[in-house]
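One structure below.
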Amino acid sequence: MQRKKSFNLGRFMAWLGVHINLVIMAIIVLYPVLWLIGSALNPIRGTPGAVMADNFGPIPIPRTLTLANFQRLFYEHDFGLWYRNSLIIAVINTVGTVIVHTFMGFVFARLQFRGRKSGLLAIMVLNMFPSFLAMVAIYSIFLTFGWLNNIYVLPLIYIGGGIPGTMWLMRGYMLNIPKSLDEAAYMDGASKMQVFTKVIFPLSKPIIIFVGFNAFMGPWMDFIFPRLLLRSSENFTIAIGLFNLSNPGDAAWDITAFTAGALIIAVPFSIVFFVFQRYFALGIAAGANKGE
Amino acid sequence: MAKVVALMSAVIWGSGQVANKQYVKGLFFFLIQMLMVGIELGTGTLRLILGQVPPHPRHAGMFTEGIWGIITLGTIPRETAAVRVFDHSTMLMLSGLLAISILVAFSVFYIWNIRDAYRTRKDMERGAHRDSVRTWIKKLMYDSFEYIAIAPGLAFVVLFSVIPILFAFLVAFTNYNMHNIPPRHLVEWVGFATFIEVINNPLWNQTLLRVGAWTVAWAFGATFFAFAVGFMQAILVNSKLVRYPKFWRGMFILPWAVPALVSQMLFRNFFVTHGVVNRILLDIGLINYPIVFFASAGWSRAVLLIVQTWLGFAWFMVMITGVMTTLNPEIYEAASIDGAGPWQQFKRLTLPTIFAAISPLLIMGVAGNFNNFGIVYFVTEGGPRNPAMFFAGDTDLLITWVYRLTLDNRMYNFASVMSTFIFIVIASVSVWNLRRTRAFKEE
């Protein structure tokens, strides 16, 4: 049968319908993102509706472009401090997580010792508790030890709370490294520590990078614990700062500054995500492979 | 004779080992006991013995004080600032838990010490070979590697997971809330009174049921909408009519560059009364007055669904596209030879394959939405407030309700009771899920 080259009305209508749908979806999906970018450059300071007065109708492009929002972010709001605090927390969390969790993953994946089974079971049970259940207690602990409003102690919660999940991931990955490598090393007289540093650690680099990356990115956008434990503006993290800027009920409500701040965060985020993309599939694969 | 040595070690650690002529080992255990006693003496008991403080467990070392504290939760409130000696109930509960955790760690050494004395003596009586001191130390160093390596992790888990969870659980059995804030007031053990209050007081149990029902409805509804839209877009983008599927898919996943938290905060500003959506609707002329979205329960819930669909559909779209690429074209050819039309092929082949592959993701989605703190807290803040419910709004999920019970309303004991209820539900579902996958694996 020969293909009809002539105009086919039914097919065209179908094509049109599909493409109208796609265009509408694309507008719905992209509009907020464009609005975010446009408002970051918008000179008006007011309600989101008022900000649009300077746009070309509903199109989120301001008539006059300005960088005042970025300036205000640093001079009127404490964005620089928030950024510094988030960075400190992220770095401490990354270092701590990588050291503590890698060791635990190694021990539980490669070594046989008394208490191993029950330890794994206990960690699995702990994993079932959502972290927010312990909020009252964590608040009390911080109060008791005088740690409230201290950005250097906050990461300890992430390190401790992440153990059930992250350790499991590490262990799942390390279980897939052939046992014969360890055995050969032990034959050559290596100690357990040497097997760890010379064999398992180098071979686990992808998962360690994945875990370290997550540990670094997590605190930037965590809200629950910083809000619970950090009190004064000079100790806020980016997430709390942005929340206050975006909250219509807050005195600091400043939507154009918020969009500017969101942009400052989103741009490096997406670059980093793009760069680390290949490790993500790997992390998911390791997570799927966590059976005994 | 072996029992005598064990008993010696049970009283003075290491003394049984000394009787077994293992002096180094004996010293090792003795030093551990001294460490424990030293902590107790150094943190208060010594001063108590010397008579520098009144003889009361409150002034004793951390183990005595902790255990006394967790049992009584203190006896003297600080009713005025003039009260110099007072008990802080929640701190006492916490020190009790800490003391018990440390004692558990010591008890491991204690049991080891007794068993070692007993076994060594048994071996001696049988005339079995005994390791020299040097071999013992070497062995000990080798065997303890695992424990030393996980010690920091273990400490973190105990301090930031185990103790908080136990504390949260214990608070459910106290009257710790805004009416009893230490140190002004003492917190007391009240047994199951809070549980009974939650079950009997219609305001509490109605709130729990309503928030719970909305949470379940939300978990399924939000997942369903994201899935349905994602599914539709996956089918459309991958249809033969579309020339550049990669371009459209790329467009749809572009918002992933913006962190979810930022999108949620932004959407709140889209839907506020003087927000973007009202502005556009007014400009188009669809409405004459702005809609107050966040004042009505129905609108607020609709907004949450819209925002969650916006955030989540692309993920399902990508996953479903992935499944569709694995569909075998030969089966479709066979189907059309057998006379199946496109609709039948879609219904009998495409749909079942996609559902089989996607169902674990749907379960994950439901579980994620069940605890989707961000969307509610950042978009509606749980609002609008509903006076028929205790400290809850119409869009509050269990997690945000508990969060606000804790942070804003300081109803700690009620928050703990709710957490306990939620945990029981989550744990049973998890256990069921775990058993199901196990059974699945064994097949």
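Going line by line, the protein sequences match chains A and B.
In this text, residue positions in the first sequence follow this note's numbering: the first is 1, and each later residue adds one.
In this text, residue positions in the second sequence follow this note's numbering: the first is 1001, and each later residue adds one.
Where a beta carbon is used, it is the ideal one built from N, C-alpha and C, also for glycine.
Nearest to residue i by alpha carbon, out of the options?
| i | options | result |
| --- | --- | --- |
| residue 1259 of chain B | A:255, A:114, A:218, A:40 | A:218 |
| residue 1228 of chain B | B:1355, B:1274, B:1110, B:1325 | B:1355 |
| residue 96 of chain A | A:65, A:69, A:167, A:232 | A:167 |
| residue 1121 of chain B | B:1393, B:1018, B:1375 | B:1018 |
| residue 1113 of chain B | B:1009, B:1195, B:1144, B:1175 | B:1009 |
| residue 60 of chain A | A:113, A:68, A:71, A:41 | A:41 |
| residue 1276 of chain B | A:196, A:54, A:194 | A:54 |
| residue 154 of chain A | A:85, A:186, A:99 | A:85 |
| residue 170 of chain A | A:30, A:273, A:214 | A:214 |
| residue 216 of chain A | A:267, A:69, A:11, A:93 | A:93 |
Counting along the chain, where does the alpha helix (DSSP H) carrying residue i start and finish?
| i | result |
| --- | --- |
| residue 265 of chain A | 255 to 275 |
| residue 1133 of chain B | 1133 to 1143 |
| residue 1015 of chain B | 1015 to 1019 |
| residue 1403 of chain B | 1398 to 1407 |
| residue 1411 of chain B | No alpha helix (DSSP H) contains residue 1411 of chain B, which DSSP labels as neither H nor E. |
| residue 1185 of chain B | Per DSSP, residue 1185 of chain B belongs to no alpha helix (DSSP H) and is neither H nor E. |
| residue 1002 of chain B | 1002 to 1011 |
| residue 1310 of chain B | 1297 to 1325 |
How many Å lie between residue i and residue j at the Cα?
| i | j | result |
| --- | --- | --- |
| residue 255 of chain A | residue 200 of chain A | 49 Å |
| residue 1038 of chain B | residue 1016 of chain B | 21 Å |
| residue 1398 of chain B | residue 1199 of chain B | 16 Å |
| residue 83 of chain A | residue 238 of chain A | 6 Å |
| residue 1289 of chain B | residue 35 of chain A | 23 Å |
| residue 1317 of chain B | residue 1230 of chain B | 4 Å |
| residue 1032 of chain B | residue 1262 of chain B | 52 Å |
| residue 19 of chain A | residue 1237 of chain B | 9 Å |
| residue 1285 of chain B | residue 1408 of chain B | 41 Å |
| residue 152 of chain A | residue 158 of chain A | 12 Å |
| residue 234 of chain A | residue 115 of chain A | 45 Å |
| residue 110 of chain A | residue 1138 of chain B | 21 Å |
| residue 1440 of chain B | residue 1359 of chain B | Residue placement at residue 1440 of chain B cannot be trusted, given a pLDDT of 49 that sits under 50; what the coordinates show is reported in the next sentence. Rounded to whole angstroms, residue 1440 of chain B to residue 1359 of chain B spans 14 Å at the Cα level. |
| residue 1270 of chain B | residue 1098 of chain B | 48 Å |
| residue 1292 of chain B | residue 1273 of chain B | 5 Å |
| residue 63 of chain A | residue 230 of chain A | 39 Å |
| residue 1404 of chain B | residue 1241 of chain B | 50 Å |
| residue 250 of chain A | residue 142 of chain A | 26 Å |
| residue 1087 of chain B | residue 1171 of chain B | 17 Å |
| residue 73 of chain A | residue 263 of chain A | 12 Å |
| residue 1104 of chain B | residue 196 of chain A | 29 Å |
Considering only their Cβ atoms, is the gap separating residue j from residue i smaller than 9 Å?
| i | j | result |
| --- | --- | --- |
| residue 1136 of chain B | residue 1025 of chain B | yes |
| residue 993 of chain B | residue 58 of chain A | This structure cannot settle anything about residue 993 of chain B, because the visible part of chain B is limited to 1001 through 1443. |
| residue 1164 of chain B | residue 28 of chain A | no |
| residue 1207 of chain B | residue 1389 of chain B | yes |
| residue 1304 of chain B | residue 1218 of chain B | yes |
| residue 32 of chain A | residue 1362 of chain B | no |
| residue 1006 of chain B | residue 1118 of chain B | yes |
| residue 1182 of chain B | residue 1089 of chain B | yes |
| residue 136 of chain A | residue 1167 of chain B | yes |
| residue 971 of chain B | residue 1220 of chain B | Only positions 1001 to 1443 of chain B appear in the structure, and residue 971 of chain B is not among them; the question remains open. |
| residue 1374 of chain B | residue 1383 of chain B | no |
Indicate whether at least one CB of chain A lies closer than 9 Å to the CB of residue i.
| i | result |
| --- | --- |
| residue 1362 of chain B | no |
| residue 1278 of chain B | yes |
| residue 1443 of chain B | Residue placement at residue 1443 of chain B cannot be trusted, given a pLDDT of 40 that sits under 50; what the coordinates show is reported in the next sentence. Closer than 9 Å: no. |
| residue 1173 of chain B | no |
| residue 1236 of chain B | yes |
| residue 1090 of chain B | yes |
| residue 1269 of chain B | yes |
| residue 1039 of chain B | no |
Just checking: is the beta-carbon of residue i within a distance shorter than 9 Å of some beta-carbon in chain B?
| i | result |
| --- | --- |
| residue 44 of chain A | no |
| residue 156 of chain A | yes |
| residue 273 of chain A | yes |
| residue 47 of chain A | yes |
| residue 161 of chain A | yes |
| residue 58 of chain A | yes |
| residue 119 of chain A | yes |
| residue 228 of chain A | yes |
| residue 19 of chain A | yes |
| residue 242 of chain A | yes |
| residue 126 of chain A | yes |
| residue 14 of chain A | yes |
Can you tell me where the beta strand (DSSP E) holding residue i begins and where it ends?
| i | result |
| --- | --- |
| residue 61 of chain A | 59 to 62 |
Tell me whether residue i counts as near the ligand HEM, meaning its Cβ is closer than 8 Å to at least one heavy atom of that ligand.
| i | result |
| --- | --- |
| residue 1210 of chain B | With respect to small molecules bound, the structure shown includes none, and the ligand HEM cannot be examined in it. |
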